[in-house]
Amino acid sequence: MILANFWVYSVTEGKTYSRISKIPPREVALVLGTSPKMKSGVANPYFTYRMDATALLYHHGKIKKIIVSGEKSKGYDEPEAMKKFLIYQGGIPEDIIIKDPKGFKTRESILRCKNEFKQKNVIIVSQGFHNLRALFFARNIGMNALGFDAHDVTKNESYYRNHTREFFARVQAVIYYIFGISND
């Protein structure tokens, strides 16, 4: 498991950025979905930070189009929530935002970005711990992807839960790669 995580880190080294001045421009940003609200009903900081990072990329001229990818099911629509936030809080024109309502998982969002939306040169927007796995998927299917790391949430309960989850998710990503499971 440690070797799998090391492999993910080595493949993605130098491909993630946290400073807007350092990231090279790309045509498109792929924003990975998360719930806009927490179970308590308050705004989810992971969501807000991802949207803020996306708006920053746009307003600094680093991207021209945005794909918002997440889950859409009955009574729940991450791409629509992302689009509304980017328009009304982020000041981004509606016509450059493309919704992907079938991004149920990170891997699916990456595959759909490449295969459905025909985008290979993208900036993936999520928190840094999540971007590593997303970039691993993207780079292993021939995408020239970079990651832009949204601000992370440092509350202990969510920080440790998410980082532990990602440790195991990276192992799964490596297994998918080794066995050629990609739907490519």
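Those letters in the sequence shown? Residues 505 to 688, by this note's numbering. Where a beta carbon is used, it is the ideal one built from N, C-alpha and C, also for glycine. Here the structure is a predicted model, which means the values were calculated and not measured.
Thinking C-beta only, is residue j closer than 7 Å to residue i?
i, j, result
"A508", "V626", "no"
"G537", "G607", "yes"
"A533", "I506", "no"
"V629", "R554", "yes"
"R643", "V515", "yes"
"E575", "E582", "yes"
"I570", "I600", "yes"
"V572", "K603", "yes"
"I524", "H564", "yes"
Taking the beta carbon of residue i as the centre, do at least 16 other beta carbons fall within 10 Å, making it buried, or is it exposed?
i, result
"F641", "buried"
"S577", "exposed"
"Q623", "buried"
"R611", "buried"
"K618", "buried"
"I645", "buried"
"K659", "exposed"
"Y580", "exposed"
Any idea which residues DSSP pairs residue i with across the strands?
i, result
"T668", "Its beta-bridge partners do not exist; DSSP assigns none."
"Y580", "S577"
"S630", "D653"
"I601", "I570"
"A533", "I570, I627"
"K587", "None; K587 has no bridge partner."
On the three-state DSSP scale, how would you describe residue i?
i, result
"G518", "coil"
"K659", "coil"
"K569", "strand"
"K618", "helix"
On the premise that residue j lies in contact with residue i, defined as a C-beta separation below 8 Å, what is that separation, rounded to the nearest angstrom?
i, j, result
"N666", "D653", "About 13 Å separates the two Cβ atoms, so there is no contact after all."
"T520", "G632", "6 Å"
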